[in-house]
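Okay, structure first, notes after.
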Amino acid sequence: LFFKESKFNDDSIIILDLNMPIMDGIEVIRKLSNNNSKASLILMSGYDMGVLHSAEKLACAHGLEIMTSVMKPIQLDKLLSVLVNHRDNLGTTSDTTKGEQYVPTANDLLSAIEHDQLLLHFQPQVDIQTGLMIGAEVLVRWLHPKHGLLFPDVFIELAETSGLMGQLTSRVLDLAITRCSYQKQKGYKLPLSVNVSANNISSLELPEELNDKIRVQQLDPSELTIEITESALMGELVTSLDILTRLRMKGFALSIDDFGTGFSSLSQLHRVPFNELKIDKSFVMQMDVDSEAKAIVKTCIMLGHELNMRVVAEGVETDAALSLLKNMGCDVVQGYHISRPMSEQDFDLWIKDNPYKFDLPEANLQSSLM
1471 LFFKESKFND DSIIILDLNM PIMDGIEVIR KLSNNNSKAS LILMSGYDMG VLHSAEKLAC
1531 AHGLEIMTSV MKPIQLDKLL SVLVNHRDNL GTTSDTTKGE QYVPTANDLL SAIEHDQLLL
1591 HFQPQVDIQT GLMIGAEVLV RWLHPKHGLL FPDVFIELAE TSGLMGQLTS RVLDLAITRC
1651 SYQKQKGYKL PLSVNVSANN ISSLELPEEL NDKIRVQQLD PSELTIEITE SALMGELVTS
1711 LDILTRLRMK GFALSIDDFG TGFSSLSQLH RVPFNELKID KSFVMQMDVD SEAKAIVKTC
1771 IMLGHELNMR VVAEGVETDA ALSLLKNMGC DVVQGYHISR PMSEQDFDLW IKDNPYKFDL
1831 PEANLQSSLM
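Counting along the sequence shown from 1, when you hit position 171 you're at 1641 in my numbering, and nothing is skipped either side.
Okay, here's the thing in structure tokens:
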């Protein structure tokens, strides 16, 4: 009766104990899913961490939003931190007005791609040992003339289902190359990481097309790191391997993104010539309270180094996480603890005000950015 009558909205938060006398937490998760709940869940349990992890994965498979999962007895300061972060993140969603969220069509998105409505935001990547910025990941945004700044949660799924993901990614690559050219004009080189879709790595022409665009701007391929998720490699492996190997031969860096979340991580590392491994943020964000997540992160770092790969940790949000990663020997970090993604204008200001690591002397960079 409770689930039939309750109407959880997008701002609802449910703190759910897996061990309850009348209905256990797994049953609650199932009923929330059946009722299309949009509430955010905090899972807690006195069972071992393996049970808690399984419940979290089950909730995600049902399409529910998980804020965090914690072992009992719960630490109030940890719970408060999660709630504060959730409150702060409410302002970063793509809702531009109160009421219903804008739902674009495929034609809307195609028009955005063709009429320069896409732009980039930048999240710095920092050398964990020196504290110096060594690159940035670019993240696409849609500046809609009526609905304002739209985040990827509004249009990425649309791009995938409508067959526009290839065109969207190509446009993002063009914008990233333009940014690299701008940086060169300013007198410095800062590598940028771009996530490439499965559609793009099914095109045998990609290495030549990307190399031509880079050379026209008189740039070096090393200024772009191509990020590929494990799921993007689940298609035609022979074609993907052909394309990715030629990208490496032309000098582009290859990064396996969201490592640890797919089903064939080790086989992909063995087959594809990656030179960077990005640990998925779901592990990084839990490792200060979850011994299993901590062990996974540590193992990923060791594995990456054994394979002569640079290891990047995503989702670094606390001093504790940063300290753990530094002690584990991680190479590069990114996340809200360093900086949230920024507009291009804010990124230029951030470069001026923060430590950095570039190919050119500091004096040249400072004068070029004034």
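Think of the CB as a built atom: it goes at the ideal place given N, C-alpha and C, for glycine as much as any other residue.
Being a predicted model, the structure only gives us computed values, none of them experimental.
Contact between the stretch 1738 to 1749 and the stretch 1705 to 1724 (3+ Cβ pairs under 8 Å): yes
Note down, in chain order, each residue of its chain lying with its Cβ closer than 6 Å to the Cβ of Leu-1707, except the 5 sequence neighbours on either side. none
Can you tell me whether DSSP reads Asp-1487 as helix, strand or coil? strand
Tell me whether the beta-carbon of Gln-1599 lies closer than 8 Å to the beta-carbon of Ile-1647. no
Please specify which runs of the alpha helix (DSSP H), each continuous and at least 4 residues long, are wholly inside the stretch 1562 to 1638, giving them in chain order. Entirely contained in the stretch 1562 to 1638, the alpha helix (DSSP H) runs reaching 4 residues are, in chain order, 1576 to 1584 and 1622 to 1632.
What is the DSSP secondary structure of Asp-1547, reduced to helix, strand or coil? DSSP places Asp-1547 in helix when its eight states are reduced to three.
Assigned exposure category for Ile-1492 - 16 Cβ within 10 Å defines buried: exposed
Counting Cβ pairs closer than 8 Å, one from the stretch 1671 to 1691 and one from the stretch 1614 to 1629, do we hit at least three? no
Who are the near neighbours of Lys-1720 in its chain, counting only those whose CB is closer than 7 Å to its CB and skipping five residues on each side? Excluding residues within five positions, the ones whose Cβ falls inside 7 Å are Pro-1677, Asn-1681 and Pro-1691.
Closer than 8 Å is the cut-off here; do at least three beta carbon pairs connect the stretch 1529 to 1537 with the stretch 1504 to 1515? yes
Assess, as a yes-or-no matter, whether the stretch 1626 to 1643 is touched by the stretch 1800 to 1820 under the definition of 3 or more beta carbon pairs within less than 8 Å. no
If I follow the unbroken beta strand (DSSP E) through Ile-1766, where does it start and stop? Per DSSP, Ile-1766 belongs to no beta strand (DSSP E); it is in the alpha helix (DSSP H), 1761 to 1776.
Expressed to the nearest angstrom, what Euclidean distance is found between the alpha-carbon atoms of Asn-1797 and Lys-1616? 48 Å
Cβ pair count under 8 Å reaching 3, the stretch 1776 to 1784 against the stretch 1747 to 1754: Verdict: yes, contact present.
In angstroms with no decimal places, state the Cα-to-Cα distance between Thr-1567 and Asn-1555. Unreliable positioning characterises Thr-1567 in this predicted model, as indicated by a pLDDT of 41, which lies under 50. A coordinate reading is not provided.
Which residue's Cα is closest to the Cα of Ile-1808: Leu-1579, Cys-1800, Leu-1792 and Leu-1643? Leu-1792
Any idea which residues DSSP pairs Ala-1723 with across the strands? Thr-1695
Please state the DSSP three-state secondary structure of Ala-1783. strand
Looking at Val-1802 and Val-1596, is the spacing between their C-beta atoms short of 8 Å? yes
Taking DSSP's pairing of strands, which residues face Phe-1842 in a bridge? Only positions 1471 to 1840 of the chain appear in the structure, and residue 1842 is not among them; the question remains open.
Please state if the CB of His-1591 and the CB of Leu-1609 are separated by a distance shorter than 8 Å. Yes. Within cutoff.
What are the residues that DSSP puts in a beta bridge with Val-1803? Val-1596 and Ala-1783
Neighbourhood of Ser-1640 by C-beta, 8 Å cutoff - its chain only, sequence neighbours within 5 removed: Asn-1670
Leaving out five residues before and five after Met-1541 in sequence, what residues of the same chain have Cβ atoms less than 6 Å from its Cβ? none
List the residues that DSSP assigns as beta-bridge partners of Glu-1535. Ser-1510
Sequence-distant residues of the same chain with beta carbon closer than 6 Å to Leu-1614, five excluded per side: Correcting the residue type first, residue 1614 is His in the shown sequence and not Leu. Correct list, in chain order: Leu-1620.
Helix, strand or coil: which one does DSSP assign to Leu-1662? strand
Near Leu-1528, what residues of its chain come up, given a Cβ to Cβ distance below 8 Å and the 5 sequence neighbours on each side ignored? Ile-1496 and Ile-1499
Specify, as a first and last residue, the run of the alpha helix (DSSP H) that Arg-1810 falls within. No alpha helix (DSSP H) contains Arg-1810, which DSSP labels as neither H nor E.
May I ask you to report which of helix, strand or coil DSSP gives Ser-1482? In the three-state scheme derived from DSSP, where H, G and I count as helix and E and B as strand, Ser-1482 is classed as coil.
Residues of its chain near Ser-1539, where Cβ-Cβ distance is below 6 Å and the 5 sequence neighbours each way are ignored: Excluding positions up to five away in sequence, the list reads Leu-1513, Leu-1522 and Glu-1526.
Output the distance between the C-alpha atoms of Glu-1700 and Glu-1679, rounded to the nearest integer angstrom. 23 Å
Buried or exposed for Ser-1710, going by 16 or more other Cβ atoms inside 10 Å? buried
DSSP three-state call for Ser-1515: helix, strand or coil? strand
So the alpha helix (DSSP H) Ile-1496 belongs to, where does it begin and stop? 1495 to 1504
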